[in-house]
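Structure record follows, encoded as structure tokens.
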């Protein structure tokens, strides 16, 4: 039996089910291509023996200029680079004998590697997968470098575990420090996987498929493949995980990778299917079956073979795209910091493409009434009002329509499509700034030529303020989109009503103002619920703005919508019929019953069919009884579905976790979170975990269709599920009447959800990975009965926890801030365990931000107080102040800030109040930058805190601390903060004329240097201001303002009664001389009007204002000077 299986894997399989001529495989003449691009091969070399290692050229056109793409073939285990693709009965090697004719302008390559099982897996100290990947990258990059084809796109075709070699090679290339090796990843165009297993989010099916492959070739494997493949299987999982992130990153940066997967349709004569269909697929990408088993699926005898037809069609489709300009090519023609701008935009938005694709595709025939609506056609094709508002009640299909418009309807030549789908509950989908960054990101990736240097410079110089400013981002979008020479821009905004309230109002205001113009090159379609919350700012615009209601505005439209909903019913009932093997008359009967229900909407159809689908007995009578009792509203449907929950408490916990999560949780992560209990040990927790595939069924039995799994992530079926479950803000308990009728409605308080998430996070953090690797942390009773299998279970669990623990480390403090359990002592003590210096020292994780603040010179309690202050845990700070002797004036280790200064820096007003109430507080302690608490309050414009601090400190200047006035003037936000200056100026100890730096500048000269006339005006109001004070260069504020060309400040200074207009600097040059030197005729005119001006003063070199102007030929200034009655005519030295 084992010999037969090995023979199958080597290619001596039974005759192909596809048939073909039984010709001698050695009869195919071939010429082996050389390694350079001038190689010529009409057919491939015949090599059915030997290893065929390395990169070989199977085919290349005569002229290198004719080659547009490289196609690289990789085999799987125990195969070689030739036989894998050879149909032995016909003798056809399709890559070199068929594909070369289908895609003539290609160089076809094959990469061979040591495919023996032991070599692939390697010994425990070696990773042969990485070696194979290294060799592939090195040889392919070398070939491209030798033939000057580094920029030529590459398509990979991989069989079985050869696909994992490709994935690892792309990782090696992407992470390489050598630029020439990175070209392999950068030039990758597509990957065609043939029978390659993919892990998804669960290890078990992945391990099983690997085990099937290894069993095929004779390697003994345990039922639990982890026993023999621990380290290497984890390596493959890591590769799969990287590959998933890489795909998304490529998609979001405008260079998506093409992927098509193929799965075997037939079983092997012995052993069944090697890789099941669901294991071979990758969510979101095309997948096709090939009528063959795992070994035959790579062998095609003819061009009309169905398998070859679909494989070459995919490759050819990708190849056609090469002929059009790519984003990468366009990037090279734009600003050198273009990529930096793209990266910045991407950091401040969501994975917008993935979030769009969370919504289902439309059922064929639906959405047609909308795209044929006269208002839509006029908006889409006309040049009038560029704004179209689409409104509907919940569940009417807005998001499905928006996805359909983006994916299939709006695209046309010379038009760029941008979009954003708002989503309540996810921070990166709730804010208008996220949406605007996403729109710019898409627009610049589609048309890099739209980017202006000024925009890039503005973004990169003011990153903090640009990304959060709706007005700035909107103005940039409008300026970018309005450039008609680059075509039309269409923006789709879905669920604007789910945008954060303050943002939605400002966003709507910006939109309406812009689209009030008669015509525009920029169009926008906004979809939202029919809520008053979205208030268009202009009543006149609202009258003229085209608006379509998805519920219909007249009987004709309503009938069209009903017809489309009936199409959905028909499609879903047909699918249900196939699944439950219903008779045709039963299908028709159920369809008639559902289409007879009045006022039906899309969401109701989904919910009710889910109820019907889960009937235990599918008889006509049962259907009739169920349909009669069907919920009449969406809320009733949710209540019905959840009433069937097998474990309401666990259901509620699942909802809490999904509600509180700051990003969508994977299926595995949700399973882990709801399994966590405070009192569980790692061993107990490990034993309570289900396999992820089984948990999918458990989740359905718990939550019904209310939670759905899309691309391995868990979401609410619809926004209305969240609204049904989550209690409105301010509610604290359910009213009995509602509770009795609809027990699930408003059953969730958002604070409770965050408490649930917080407790899970703390459990994950405090039970460190080492706890799952050793029995030392367990109770003695557990250690005594802990066998080898238990240890393996815990080790497996440790690997599963990685991603969720990473989330916990980053988000636990956010959940604590939003929870209602932060005051509980048991929670506070767990938080203190996390803050403990010893625990922090063991946290080898990017989220470990506290060790840098801690000092060995401090007590444990003092360090924990510093940590609680940094993270803003007010209740923990209060607990420590009440129960410990922590030093509230201790200086943290990184910059010497006290807890009070840290509090002000972070802006925690509640903690600030706690500290200022302590008798021992000392606000005057100086840190390493010579700042006190007052300096921080001034720098960050904490006006209320400044007011409190000024009651405890003076403004007397000391040599070891920076003058608070200097801090104020240097503050980059001072133009918006005059209250702080007023508070300081009102203090008896305030000295407005104190030197602020080594150059001897005072407040008024610094204000002149910053060209801030508003600050100058404020300072001049002070009764003690020395308006003529000079710095060490002898310059007064007037001289500095003249040199800077600040006419507003010059006017203010000249109005001051004490101004000395003739004061000169160390070179004897007055303000007038500076004005004439710098050719400032306007300021010269202002100075000449002052009655005390001496126009004839000469500097140390004997030069007057006139001689300076004449020697520099400043004609306008000379003209002004000659008009002054006291001017003495003096020859310039240049004469």
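Residue numbers (the numbering used here): 8 to 1142.
Note that the Cβ used here is the ideal one computed from N, Cα and C, for glycine as well.
All values reported here derive from a predicted model rather than from experimental measurement.
- Counting other Cβ atoms within 10 Å of its Cβ, residue 165 reaches 16 or more and is therefore classed as buried.
- For residue 66, the enclosing beta strand (DSSP E) begins and ends at 61-66.
- Separation of the CB atoms of residue 264 and residue 195 is rounded to 6 Å, and the pair is thereby assigned contact status at 8 Å.
- The three-state reading of DSSP puts residue 751 in coil, since its state is none of H, G, I, E or B.
- The Cβ-Cβ distance between residue 498 and residue 531 falls below 7 Å.
- At the C-beta level, residue 897 and residue 869 come within 7 Å of one another.
- If the five residues before and after residue 1085 are omitted, its C-beta is found closer than 8 Å to the C-beta atoms of 1049, 1050, 1052, all from its own chain and listed in chain order.
- If you draw a 10 Å sphere on the C-beta of residue 565, you find fewer than 16 other C-beta atoms in it, and that means exposed.
- DSSP links residue 77 through a beta bridge to 114, 161.
- Contact between residue 954 and residue 909 fails: their C-beta atoms lie close to 20 Å from each other, not under 8 Å.
- An exposed status is given to residue 316, since fewer than 16 other beta-carbon atoms sit within 10 Å of its beta-carbon.
- Shortest Cα-Cα distance from residue 176 to any of 94, 1022, 79 involves 79.
- Counted as a single uninterrupted DSSP element, the stretch harbouring residue 530 is not any alpha helix (DSSP H) but the beta strand (DSSP E) occupying residues 529-536.
- Counting along the chain, the unbroken alpha helix (DSSP H) around residue 582 starts and ends at 562-587.
- The continuous alpha helix (DSSP H) containing residue 703 extends over residues 699-710.
- According to the DSSP assignment, residue 495 belongs to the beta strand (DSSP E) that extends over 495-501.
- For the pair residue 457 and residue 451, the Cα-to-Cα distance works out to about 7 Å.
- Assigned with DSSP and collapsed to three states, residue 1018 falls in coil, not helix or strand.
- Going by DSSP, residue 424 is part of the beta strand (DSSP E) stretching over 422-428.
- Listed in chain order, the alpha helix (DSSP H) elements of length 4 or more contained wholly in the segment 927-1002 are 940-946, 950-956, 971-977, 986-992.
- Taking a C-beta distance under 7 Å as the contact criterion, residue 113 and residue 173 do not qualify as a contact pair.
- By the neighbour-count criterion, in which 16 or more other beta carbons inside 10 Å mark a residue as buried, residue 191 falls on the buried side.
- Taking C-beta atoms as the reference points, residue 59 and residue 88 count as a pair closer than 7 Å.
- Comparing alpha carbon positions, the residue from 380, 370, 379, 422 closest to residue 410 is 370.
- Proximity of the segment 703-716 to the segment 657-671 meets the contact definition, three or more beta-carbon pairs being nearer than 8 Å.
- If you draw a straight line from the Cα of residue 728 to the Cα of residue 713, it is about 6 Å long.
- Counting only residues of its own chain and dropping the five nearest sequence neighbours on each side, residue 466 has a CB closer than 7 Å to the CB of 348, 351, 473.
- Around the Cβ of residue 1120, a 10 Å sphere holds fewer than 16 other Cβ atoms; the residue is exposed.
- About 17 Å separates the beta carbons of residue 1074 and residue 1101, which is beyond the 8 Å limit, so they are not a contact pair.
- The alpha helix (DSSP H) runs lying completely inside the segment 603-661 and spanning 4 residues or more are 609-620, 627-635, 641-650, given in chain order.
- In the DSSP assignment, no residue is bridged to residue 292.
- The criterion of a C-beta distance shorter than 7 Å is not satisfied by residue 672 and residue 644.
- Rounded to the nearest whole angstrom, the CA to CA distance from residue 485 to residue 406 is 25 Å.
- Counting C-beta pairs with one atom in each stretch, the segment 150-161 and the segment 93-103 have fewer than three that are closer than 8 Å, which means they do not touch.
- Going by DSSP, residue 196 is part of the beta strand (DSSP E) stretching over 195-201.
- DSSP places residue 279 in the strand class (E or B) of the three-state scheme.
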